[in-house]
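J.: I'd like to ask some things about the structure below.
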């Protein structure tokens, strides 16, 4: 395969990864935004106080994260045995169906306890689908790319996160202009129902992308099949899987602290900011992250992907206190700037992660392994961080414990990055693939050039 042909296929795979993950994360984030703003009131008893209702909504929100490892196992098996593309088509369809049905759910006032129960079931479906989505989208982008551009093209899959967040918060920001009553009565349903249209577009794009060349040459054409992907991953890759989980507290959990939890905190009567202001600030911040993501991914190919992530983590730790304390300043400009700068440095912790994690594993059972690492971290850090933060704030009346939690996440991530392995895929002219990590490999040292 010529270099130009490989680049053309990498661009196509990158674009498909961007579109697909944008839709998947949009579906995931409309739930997160609705949980912070309205679900505590419409899916739980009316006599529940505000913070308890939000905590209950975040508990149903966490269910989606706990379902993600299971989705990673199931669709990791599909992706490692039948192909990355097959798994991705199924996950996108399943996510869209779950999100659409949430938009059609009756409220607690209409059907009582069945409302939160059905909400939990559909949230589980969302989590199950997104559990298989991310790993496959990342591998399609990274495995199509040449070695010296893997971080950049892996960044296309990462673009889906801020793009999905922008669509979700932007949609709710517009709907909030109709007033609080309209938002709680009917308007919250529209972002969920519109998911059906987005899924149709995503499927059209995804079906046009060729299968991963690494899967075709190394896995699909193997003379003897490997052990079950899950068994291979747990027996052979358990160390890098645990390291991968340790790399991700900020990329998955810290992200929700400065988006989902901060929405609930800022609109609490003790802080007193309007929902529209916070949603607008989050929307602007999502634009900043969207613009920055490919830039930091490109930088990762130039100066070292792990180095870029570590610098981003250090910046997050420095900004942790200002991010929350600025909310009581009363300065709209400061709030917008602080939100934007935090998401800028978060992009450095997230944009290169696709290549960092994918290259921690050899091609065999790579889909399962990367999904276990990412979705396991998602369940632990992403699923629990908004709930734990809300309970910490409720118990202490102070945001400082939450700030300390975010700084601690940064420290754990940096320690794991310093010992993370990085493998190199070699696609030769006969399309065979080797994965190596030796003393002369440019990926041996964590702070290497790629």
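Residue numbers (UniProt numbering): 1 to 450. A virtual CB, placed ideally from N, CA and C, is assigned to each residue, including glycine.
1) What residue does the alpha helix (DSSP H) around residue 236 start on, and which one ends it?
2) Tell me, please, whether the stretch 17-35 touches the stretch 155-169 by the rule of three or more beta-carbon pairs shorter than 8 Å.
3) Grab the span of the alpha helix (DSSP H) containing residue 416 for me, first residue to last.
4) May I ask you to list the residues that DSSP assigns as paired with residue 78?
5) How should residue 275 be labelled, buried or exposed, when 16 other C-beta atoms within 10 angstroms of its C-beta is the threshold for buried?
6) Between the stretch 376-394 and the stretch 309-324, are three or more C-beta pairs nearer than 8 Å?
7) Classify residue 111 as buried or exposed, calling it buried when 16 or more other Cβ atoms lie within 10 Å of its own Cβ.
8) To the nearest angstrom, how far is it from the Cα of residue 17 to the Cα of residue 303?
9) Closest to residue 14 by CA distance: which of 97, 195, 30, 209 is it?
10) How would you label residue 377, buried or exposed, when you count the other beta carbons within 10 angstroms and need 16 or more for buried?
11) Per DSSP, what kind of secondary structure is residue 209 in: helix, strand or coil?
12) Among 10, 19, 60, which one has its Cα closest to the Cα of residue 34?
13) Would you give the residue range spanned by the alpha helix (DSSP H) that residue 147 belongs to?
14) What do you get for residue 5, buried or exposed, if any count of 16 or more other CB atoms within 10 angstroms of its CB means buried?
15) Jot down the residue ranges of each uninterrupted alpha helix (DSSP H) in the stretch 32-113, minimum 4 residues, whole runs only, in chain order.
16) In whole angstroms, what separates the C-alpha of residue 295 from that of residue 255?
17) Measuring alpha carbon to alpha carbon, tell me which residue in 413, 91, 416 is nearest residue 203.
18) Please state if the CB of residue 285 and the CB of residue 340 are separated by a distance shorter than 7 Å.
19) Could you tell me the boundaries of the alpha helix (DSSP H) in which residue 338 lies?
20) Below 8 Å, can you find three or more Cβ-Cβ pairs linking the stretch 364-377 to the stretch 135-145?
21) To the nearest angstrom, report how far apart residue 319 and residue 68 are at their CA atoms.
22) List the whole-angstrom C-beta distance separating residue 347 from residue 289, where the pair is believed to meet the contact cut-off of C-beta under 8 Å.
23) Going by beta carbon distance, what residues of the same chain come within less than 7 Å of residue 11, once the five residues before and after it are set aside?
24) Around the C-beta of residue 400, are 16 or more other C-beta atoms found within 10 angstroms, so that it is buried, or is it exposed?
25) Distance check for residue 154 and residue 349, CA to CA, integer angstroms please.
26) If you draw a straight line from the alpha carbon of residue 194 to that of residue 64, how long is it in whole angstroms?
27) Which residues in the same chain have their Cβ closer than 6 Å to the Cβ of residue 468, if we skip the five residues on either side of it in sequence?
28) Tell me the rounded alpha-carbon separation between residue 95 and residue 151.
29) Skipping 5 residues on each side, what residues in its chain have a beta carbon closer than 7 Å to that of residue 41?
30) Measuring alpha carbon to alpha carbon, tell me which residue in 417, 88, 117, 199 is nearest residue 212.
31) Tell whether a beta-carbon distance below 7 Å holds between residue 293 and residue 159.
32) Report yes if the CB atom of residue 131 is closer than 7 Å to the CB atom of residue 72, and no otherwise.
33) According to the Cβ coordinates, are residue 192 and residue 99 closer than 7 Å?
34) By the DSSP assignment, the alpha helix (DSSP H) with residue 322 in it spans what residues?
35) In whole angstroms, what is the alpha-carbon distance linking residue 189 and residue 85?
36) Assuming the contact rule is C-beta atoms closer than 8 Å, residue 266 and residue 273 should be a hit. Round their C-beta distance to whole Å, please.
T.: On the basis of the coordinates in this document:
1) 229-236
2) yes
3) 400-417
4) Answer by DSSP bridge pairing: none, since residue 78 is not bridged.
5) buried
6) no
7) Burial call: exposed.
8) 24 Å
9) The residue with the shortest Cα to Cα distance from residue 14 is 209.
10) buried
11) coil
12) Nearest option by C-alpha distance: 60.
13) Element bounds for residue 147: n/a, residue is neither H nor E.
14) exposed
15) Runs found: 50-81, 84-103, 108-111.
16) Computed Cα separation, rounded: 19 Å.
17) 91
18) Closer than 7 Å, so yes.
19) Segment 332-350, the alpha helix (DSSP H) holding residue 338.
20) yes
21) 29 Å
22) 5 Å
23) Nothing meets the Cβ criterion.
24) Of the residues assessed, residue 400 falls on the exposed side of the cut-off, its CB having fewer than 16 other CB atoms within 10 angstroms.
25) 13 Å
26) 20 Å
27) There is no way to answer for residue 468, as the model of the chain reaches only from 1 to 450.
28) Take the alpha-carbon of residue 95 and the one of residue 151: they are about 27 Å apart.
29) 53, 184
30) 88
31) yes
32) yes
33) yes
34) Where residue 322 is concerned, the enclosing alpha helix (DSSP H) stretches over 305-325.
35) Going by the C-alpha atoms only, they are around 31 Å apart.
36) 5 Å
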